[in-house]
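Line by line, the protein sequences are chains A, B and C.
Start counting the first sequence at 1; every next residue gets the next number (my numbering).
Start counting the second sequence at 1; every next residue gets the next number (my numbering).
Start counting the third sequence at 1; every next residue gets the next number (my numbering).
Every residue, glycine too, gets a C-beta built ideally from N, C-alpha and C.
Since this is a predicted model, take the numbers as computed values, not measurements.
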Amino acid sequence: MAVRIVKVKRPTQPWSSMRPWWAVVVGLWVSTRHFFVNLGRFLRGSQDFTVHFPEQRFVHPPALRGMPVLVQMENGKERCVACGLCEWACPTTCITIFPAETNNEVERYPEVFDIDMSRCMFCGYCEEACPEEAIVMSRQVEISSYSRQGSLWHKEDLLVPISQLKTRIDYLRSHYER
Amino acid sequence: MSVDKSQASSEADRSSGQPLSPMMVRVRQVLGELILEHRCFRGDDRIHVARERILEVCQKLRDDVELAFDLLLDVTAIDYLGQPDDFERPREIWDQERPVLRRHPARRHELVLPPRGPHPRFAIVYHLTSTTRFHRLRIKCRVPEDDPTIASLTPVWPGANWLERETYDLYGIRFIGHPDLRRIYLNEEFVGHPLRKDYGKFDEQPIQPYVGPGAKEPRRPH
Amino acid sequence: MSDQELKNLVAPIDGANRRLHGFEGDLHTEPMRIQFGPSHPATHGTVRIVLDLDGERIVDADVQVGYLHRGFEKECETGLYYQNIPYTDRLNYSSPMLNNVGYCLAVEKLFDIQTPPRCQFLRVVGGEISRMVDHMLAIGSSAMELAAFTPMLYLLEGRELLLDLTDALCGARVTTNFTRIGGLCADMPEGFKEFAIPRLDRALKLVEDADKLLTENPIFRERMEGTGRLPAQDLIAWGVTGPILRAGGIPYDVRRVQPYLVYGDLDFDVPVGEHSDNFDRYLVRLEEIRQSRRLILQCLERMPDGPVDSDDPRVRWPAKRRVYTQMEELIDQFKLVTEGGYPPPGEIYQAVEAANGELGFYLVSDGSGRPWKCRCRSPSFSNISPMNLMLKGGQLADVVPTFGMINMIGGETDR
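Next comes the structure, spelled out in structure tokens:
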């Protein structure tokens, strides 16, 4: 409605220029207050900022986009039908799929499904493009490896049982209707 | 630039079919015959001028009190390699000439070069705005491939300095009268200009030996 | 040489001074050239400044950028319109949502799409959170470079609180990929308002603490006041926008002069300075943090219900339930993912006010699914170009506060 133009006020005759100790008093007061507030939080065991990582884990919100994984159904098969849509959608072309066919109920399956995690940028387009809910962004974010080869994830590594992906799939289903 | 000026501008008027903005009316009064063409797309006004007159045009636009285009926002170039002017033609004709490329994702970065056409290859684009009147204008000049030069705008806006260096670096347009026309992003030994359409995305550069201080003798092969 | 440079060059070494130092005649000096960067702790970003010094006074400065050039524009020319949105996160990596919003507004202008009001309000919320984060990082890091370590810790603590909000909105803290063409990646989560308001208040309290520590601090003011000064007409001539131009007294803010999204309906102040030096740039940034918080609170208060995505079939991916069950929507999904939408041929320029100034996207479409040209007018690039004028005649120690208050972001400058 109204945009005003205001001039910033710089302290023309600051206390500090007359009395330099005043800045010291203010500084000590502010930092001491922070010290005691943080000490109180520490004694109460509040985990506001410092998370002692390997023992404690950060609580991510439900919207978190971790690394993309393949959904493994209860019968041990992947849900993916190798349509290649995630391969198309991926901006960095980090997904490689070789499709194959069988005589099972679901005829198509990916013979090779590789994700080059050194190129993946966690944008989530593969999940949005997938017409089968077969690739989802898991809550897994610890994906470092000792070698370049280790950051190439194959189908066997990427398969995660559907029971472990419940949070993400519930989140996706919460905006099914969009 | 053999277009008949009056004819081109009157055609543009008819094709846009909407009244000119007050800013454009004033621009016409100020520039007059210097405007080769005026187009308006989604409310963005743009004028085409001859590249020989660009300095004069910018001077007039900046110094006019009612227009007061004092802020040069951007200088860049477009490479219309083998393409006609500005793509603004009916869609059907366009599709017949250049079918939409359907390529596999792994091959989508492959270079597909259209043949060179009769039109000038480059267009230099300037974006202007005013910090007091808040209107915007885009100026375009076509520049041919065999003589990619245009007058530098540094006498009018010193801020054109870096923007023109960038355009020189990425497109190879040479700005006459620029005080310091060096490459800005890439190294001096870089071969070619990467934003030209005939520079492939995965093109590689020859490896340059390091010649600065502390350079070692090249290691002999075993 | 402009008047300003001459004024800066007035030598403090006069005759009396020379006698004091024990020499009467002409002292033989020669300029010394030092390299500031590319990996200096104070160049947060990779930039090299080649300084010619006469004693401690800067005679000439050559700012060399390009160490982070990675071909953003070339990359965009080979990607579909929607595939380029994640790349815009990496332009200004301290305020990624503003870049997302800018790019999507540009593509929507090209397609001529209107987004629903809820989407517009949410984009303002996301963008203003990013602006707060960016300004806090700019103030905090330049305070740290001036040896004031504590305010940086407070501001980073506030930044963490705000990044929690972006995390809840889009599932990532820095590489947000928040917007989609004609919509957003997700609707606002349940209870976001109750989650956000205490965090915004706590972040503001931390900013006020940093304000108390810095604004009246004699050392900080000695380093900031009067350094890096450039008059407003020079700033305009060099194409500088954003907080630096506003610190020179020019109230040019794209949110005010050409309101996009819902900024026309919201209340906010545009702070301007008058001295055009580093301290005014700091004060303008500090005030903009408070105004951004005001904007977020207004948006959360007035957040309308309804969809967050436009239903334009050219760009909007169909709803997942129908993709799973209906053939037509499945075909639609395949078409949209593999080919994107086809905009009409034409070219547009859309500007938004990013944290450092006017961020513009200039898109040229040839009617296919990929942009023929995608140009990003990055504010940092234009802002850092007159840096040698700001430095000339000053002291070597002025490089650090000037550079910190220009707040050059490497990803955006070098693209």
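Alpha carbon to alpha carbon, how far is residue i from residue j?
{"i": "residue 57 (chain C)", "j": "residue 387 (chain C)", "result": "15 Å"}
{"i": "residue 177 (chain C)", "j": "residue 304 (chain C)", "result": "23 Å"}
{"i": "residue 154 (chain A)", "j": "residue 289 (chain C)", "result": "46 Å"}
{"i": "residue 154 (chain B)", "j": "residue 161 (chain B)", "result": "6 Å"}
{"i": "residue 37 (chain C)", "j": "residue 66 (chain B)", "result": "44 Å"}
{"i": "residue 62 (chain A)", "j": "residue 172 (chain A)", "result": "10 Å"}
{"i": "residue 186 (chain B)", "j": "residue 165 (chain B)", "result": "11 Å"}
{"i": "residue 51 (chain C)", "j": "residue 390 (chain C)", "result": "13 Å"}
{"i": "residue 79 (chain C)", "j": "residue 372 (chain C)", "result": "10 Å"}
{"i": "residue 441 (chain C)", "j": "residue 156 (chain C)", "result": "Nothing about residue 441 (chain C) can be reported from this structure: the residues present for chain C run from 1 to 415 only."}
{"i": "residue 395 (chain C)", "j": "residue 274 (chain C)", "result": "22 Å"}
{"i": "residue 136 (chain B)", "j": "residue 150 (chain A)", "result": "52 Å"}
{"i": "residue 237 (chain B)", "j": "residue 62 (chain C)", "result": "Outside the displayed span of chain B (1 to 222) sits residue 237 (chain B), for which this structure offers no information."}
{"i": "residue 63 (chain B)", "j": "residue 44 (chain B)", "result": "22 Å"}
{"i": "residue 28 (chain A)", "j": "residue 226 (chain C)", "result": "27 Å"}
{"i": "residue 101 (chain B)", "j": "residue 338 (chain C)", "result": "Summary for residue 101 (chain B): the model assigns pLDDT 46, below 50, so the residue's position carries little reliability, and this model does not support an answer."}
{"i": "residue 142 (chain C)", "j": "residue 271 (chain C)", "result": "20 Å"}
{"i": "residue 53 (chain B)", "j": "residue 59 (chain B)", "result": "10 Å"}
{"i": "residue 146 (chain C)", "j": "residue 220 (chain C)", "result": "7 Å"}
{"i": "residue 33 (chain C)", "j": "residue 399 (chain C)", "result": "14 Å"}
{"i": "residue 121 (chain C)", "j": "residue 140 (chain C)", "result": "28 Å"}
{"i": "residue 233 (chain C)", "j": "residue 276 (chain C)", "result": "11 Å"}
{"i": "residue 19 (chain A)", "j": "residue 68 (chain B)", "result": "48 Å"}
{"i": "residue 146 (chain B)", "j": "residue 285 (chain C)", "result": "48 Å"}
{"i": "residue 166 (chain A)", "j": "residue 139 (chain A)", "result": "10 Å"}
{"i": "residue 10 (chain B)", "j": "residue 36 (chain B)", "result": "Its pLDDT being 41, under 50, residue 10 (chain B) is placed unreliably by the model, and nothing is read from it."}
Checking the sheet assignment: what are the DSSP bridge partners for residue i?
{"i": "residue 79 (chain B)", "result": "B:122"}
{"i": "residue 187 (chain C)", "result": "Partner(s): none; residue 187 (chain C) has no beta bridge."}
{"i": "residue 146 (chain A)", "result": "Paired residues: none, contrary to the question."}
{"i": "residue 360 (chain C)", "result": "C:351, C:377"}
{"i": "residue 98 (chain A)", "result": "A:112"}
{"i": "residue 40 (chain B)", "result": "B:45"}
{"i": "residue 7 (chain A)", "result": "C:272"}
{"i": "residue 365 (chain C)", "result": "C:346, C:371"}
{"i": "residue 72 (chain A)", "result": "A:78, A:161"}
{"i": "residue 44 (chain C)", "result": "For residue 44 (chain C), which the question treats as bridged, DSSP gives no partner whatsoever."}
{"i": "residue 152 (chain A)", "result": "A:116"}
{"i": "residue 180 (chain C)", "result": "C:183"}
{"i": "residue 72 (chain B)", "result": "B:128"}
{"i": "residue 395 (chain C)", "result": "C:57"}
{"i": "residue 85 (chain C)", "result": "Answer by DSSP bridge pairing: none, since residue 85 (chain C) is not bridged."}
{"i": "residue 35 (chain B)", "result": "B:49"}
For residue i, collect the residues of the same chain with a Cβ closer than 6 Å to its Cβ; drop the 5 residues on either side in sequence, then sort them by chain order.
{"i": "residue 161 (chain A)", "result": "72"}
{"i": "residue 137 (chain A)", "result": "65, 66, 68, 124, 127"}
{"i": "residue 154 (chain C)", "result": "206, 209, 210"}
{"i": "residue 3 (chain A)", "result": "none"}
{"i": "residue 291 (chain C)", "result": "268, 269"}
{"i": "residue 118 (chain C)", "result": "304, 306, 308"}
{"i": "residue 204 (chain C)", "result": "293"}
Along the chain, where does the beta strand (DSSP E) that runs through residue i open and close?
{"i": "residue 354 (chain C)", "result": "346 to 354"}
{"i": "residue 48 (chain C)", "result": "48 to 54"}
{"i": "residue 35 (chain C)", "result": "32 to 36"}
Starting from residue i, follow the alpha helix (DSSP H) in both directions and report where the run begins and ends.
{"i": "residue 62 (chain C)", "result": "No alpha helix (DSSP H) contains residue 62 (chain C), which is instead part of the beta strand (DSSP E) from 57 to 64."}
{"i": "residue 136 (chain A)", "result": "Run containing residue 136 (chain A): none in the alpha helix (DSSP H); it sits in the beta strand (DSSP E), 135 to 137."}
{"i": "residue 302 (chain C)", "result": "No alpha helix (DSSP H) contains residue 302 (chain C), which DSSP labels as neither H nor E."}
{"i": "residue 25 (chain B)", "result": "22 to 31"}
{"i": "residue 254 (chain C)", "result": "254 to 257"}
{"i": "residue 224 (chain C)", "result": "218 to 224"}
{"i": "residue 310 (chain C)", "result": "It is not in any alpha helix (DSSP H) - residue 310 (chain C) carries neither H nor E in the DSSP assignment."}
If you drop the 5 nearest sequence neighbours on each side, which residues of the same chain put their C-beta closer than 8 Å to that of residue i?
{"i": "residue 413 (chain C)", "result": "45, 47, 65, 68, 378, 380, 381, 384"}
{"i": "residue 93 (chain B)", "result": "Any reading at residue 93 (chain B) needs caution, since the residue's pLDDT is 48, under 50, leaving its predicted position unreliable; the model's value is listed next. Cβ within range, chain order: n/a, list empty."}
{"i": "residue 87 (chain C)", "result": "72, 75, 76, 79"}
{"i": "residue 167 (chain B)", "result": "75, 76, 77, 124, 173, 175"}
Answer yes or no: does any C-beta atom of chain E fall closer than 7 Å to that of residue i?
{"i": "residue 218 (chain C)", "result": "You won't find chain E in this structure, because its protein chains are A, B and C."}
Among the residues of its own chain, which have a CB less than 7 Å from the CB of residue i, if the five just before and after it don't count?
{"i": "residue 108 (chain A)", "result": "81, 82, 99, 101"}
{"i": "residue 127 (chain C)", "result": "97, 98, 101"}
(request) Write down every uninterrupted run of the alpha helix (DSSP H) in the stretch 91 to 157 of chain C whose length is 4 residues or greater and which is fully enclosed by it, in chain order. (result) With a minimum length of 4 residues, the continuous alpha helix (DSSP H) runs that stay inside the stretch 91 to 157 of chain C are 96 to 111, 117 to 145.
(request) Could you pull out every unbroken beta strand (DSSP E) segment of at least 3 residues lying fully inside the stretch 129 to 192 of chain B, listed in chain order? (result) Qualifying beta strand (DSSP E) stretches, in chain order: 136 to 143, 149 to 151, 174 to 176.
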